[in-house]
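Undergrad: For the sequence shown, position 144 (counting from the first letter as 1) is numbered 144 according to the UniProt record's numbering, and the numbering increases by one without interruption.
The beta-carbon is built from N, C-alpha and C at its ideal position, and this holds for glycine as well.
Here's a structure for you.
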Amino acid sequence: MATNLLAPPQAIISWPGYGIMFFWQLGVLQYLQETYDLTQCAMVGSSAGALLSVLAACGVQPQAALDRAYELCVEHGVFKRPLGLLGVWGGIVRQWLQELLPADAAQRCSNGHVQLVLTTLPFLRGQVVSEFKDRDDLVAAALASAHLPFILDWRLAAAWRGKRCVDGSLMYILTRRCRFLKPPGSSSCPLLLFDPFACGTQLLSAGGLARCISLASNSKAAVQQLMSQGVAHAQRMAAAGQFAALPLKAGALAAAAAAAAAAIERVPRGMQQQVDDAADLPDQVKLPPPMMQQQQQQQ
C-alpha cells in the first residue's frame, strides 16, 4: 500500500553505491528498518544504492533480500562459472527485484519517497528520476543507475526511457561530490549519507575492499559478515545520537518508554522524592534537586 510522504520529510537518507559494499549498507538498513519509521524519510540512491533505496521504500526485509540473492546465484550456477557474475549479473538483479518488490512498488517509490541518480551518455550528465510509471519502469530505472559497462550484461550502457545510462555513482566516485546525492531541500532537513569510504569503516583499509570482493564472491558467510558489520556501524551511530532526527517506530518508542520507566525505578527513593517535589512547584523555575537545595539554603 502506498504511503504519502510528509513534506518536508523527517530526514533524507542517501546511499551512494560501491558494489560489494551494498551488503554493508544492507546491514545499516536492517538496523534502521527495525528501529525507525522510514516511511517518513526520503531515499536517494545511485548505483547499488539505487537498489537499496527501492528496497527500503518498499519495506523489503534486508535478510530476505540477501538470502534470495544467494539462492539466485546458486540457481544460475554463478559459483561454477569461470567468469562468475560477469555478463549475467544484470539479469539476476532484474529477477531479484521483480520477485522482492510488491505490486505497488512504483507508488511507494514516487511522491518524493525515492530519487534515483543516473549518469547519461555521451556527456556523463547526472539525472535524477523520482516518478515511476509502474514496477517495470522502476526496476529499469534502478538497473540503469546500477549499470556497470559490459559487466552486467556485456553492454556499454543501459537503455531507459530512450536514454543511454551508466553507473549513477560515477561522478561521485571520481570527484567525491555529487549534488544529486545531496538533493534540493536537504538543507532544510537532516541528511544521512551512508558512504562506506566516509564512515571510517575498517573494511576499506589496507586492501580491505579487494579482500571483501574476493571473499564475498564465493562465500555467503563473508557477505553475511559484511551485513553484520553494517548493523554494528548503525548501532554505534545510534548510540552517538546521530539518528535523533529519525522518527521511532511504534514498537521501538514503546521499548524506549519502558526503558525510561525502568531507569526511574532504579532511582534512589530520596532522590525520587526530590524530583516529585520539584514537579509540584507551579510558580517556580524547576531546578534539578541539588540546585533546589542550594537555592533553599540561600533563602
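Could you name the residues of the same chain whose beta carbon sits closer than 7 Å to that of Leu156, not counting the 5 residues immediately before and after it, in chain order?
TA: Excluding residues within five positions, the ones whose Cβ falls inside 7 Å are Pro149, Phe150.
Undergrad: Under the three-state reduction of DSSP, which class applies to Ser145: helix, strand or coil?
TA: If DSSP states are grouped into helix, strand and coil, Ser145 belongs with the helices.
Undergrad: For Gln242, count the other beta carbons within 10 Å of its own beta carbon; 16 or more makes it buried, fewer makes it exposed. Which is it?
TA: Exposed, by the Cβ-count rule.
Undergrad: Indicate whether Trp15 and Gly59 have their beta-carbon atoms separated by less than 7 Å.
TA: Contact flag unset, no.
Undergrad: Have a look at Gln25, Phe132, Ala11 and flag the residue whose alpha-carbon is nearest the alpha-carbon of Phe194.
TA: Taking only the C-alpha atoms, the option nearest Phe194 is Gln25.
Undergrad: Would you tell me roughly how many angstroms separate the C-alpha atoms of Tyr31 and Pro102, rounded to the nearest one?
TA: Cα to Cα, the separation comes out at about 21 Å.
Undergrad: What residue from Val54, Met21, Val88, Gly87 has the CA that sits closest to Ala140's CA?
TA: Measuring from the Cα of Ala140, the nearest candidate turns out to be Val54.
Undergrad: Within 10 Å of its beta-carbon, does Tyr18 have 16 or more other beta-carbons around it, so buried, or fewer, so exposed?
TA: Per the 10 Å Cβ criterion, buried.
Undergrad: Roughly how many whole angstroms lie between the Cα atoms of Ala159 and Gly251?
TA: C-alpha separation (whole angstroms): 43 Å.
Undergrad: If you compare alpha carbons, which of His233, Glu131, Leu121, Pro62 is closest to Ser162?
TA: As written in the sequence, residue 162 is Gly, which differs from the Ser given in the question. Gly162 has its Cα closest to that of Leu121, out of His233, Glu131, Leu121, Pro62.
Undergrad: Need the endpoints of the alpha helix (DSSP H) that Thr35 sits in, please.
TA: From DSSP, the alpha helix (DSSP H) with Thr35 extends over 22-35.
Undergrad: Could you tell me the alpha carbon to alpha carbon distance between Lys182 and Leu191, rounded to whole angstroms?
TA: Taking the straight line from one Cα to the other gives about 8 Å.
Undergrad: Could you tell me if Pro196 is buried or exposed, where buried requires 16 or more neighbouring beta carbons within 10 angstroms of its beta carbon?
TA: Counting Cβ neighbours within 10 Å, Pro196 comes out buried, since at least 16 surround it.
Undergrad: Going straight from the alpha carbon of Met21 to that of Leu226, what length do you get?
TA: So the alpha carbons of these two residues sit roughly 8 Å apart.
Undergrad: Decide yes or no for the touch test of the stretch 107-115 against the stretch 125-142: beta carbon pairs closer than 8 Å, at least 3 of them.
TA: Yes, since at least three Cβ pairs between the stretch 107-115 and the stretch 125-142 fall closer than 8 Å, the two stretches touch.
Undergrad: Can Val78 and Leu86 be called in contact, C-beta distance under 7 Å?
TA: Not closer than 7 Å, so no.
Undergrad: Pull up the DSSP beta-bridge partners for residue 301, would you.
TA: Residue 301 lies beyond the stretch modelled for the chain, which goes from 1 to 299, so this question has no answer here.
Undergrad: Excluding five sequence neighbours on each side, which residues of the same chain lie with their C-beta closer than 6 Å to the C-beta of Leu97?
TA: So the qualifying residues of the chain are Val139.
Undergrad: In angstroms, rounded to a whole number, what distance separates the CA positions of Leu170 and Val223?
TA: C-alpha separation (whole angstroms): 24 Å.
Undergrad: Could you tell me the distance, in whole angstroms, from the CA atom of Val275 to the CA atom of Ala42?
TA: At Val275 the pLDDT is 42, less than 50, meaning the model places this residue with poor confidence; the figure from the coordinates comes in the next sentence. Cα to Cα, Val275 sits roughly 40 Å from Ala42.
Undergrad: Considering only the beta carbon of each residue, do Gly230 and Gly91 sit closer than 7 Å?
TA: No, these two residues do not count as a Cβ contact at 7 Å.
Undergrad: Tell me whether Trp160 sits in a helix, a strand or coil according to DSSP, three-state version.
TA: Of the three classes helix, strand and coil, the one that applies to Trp160 here is strand, per DSSP.
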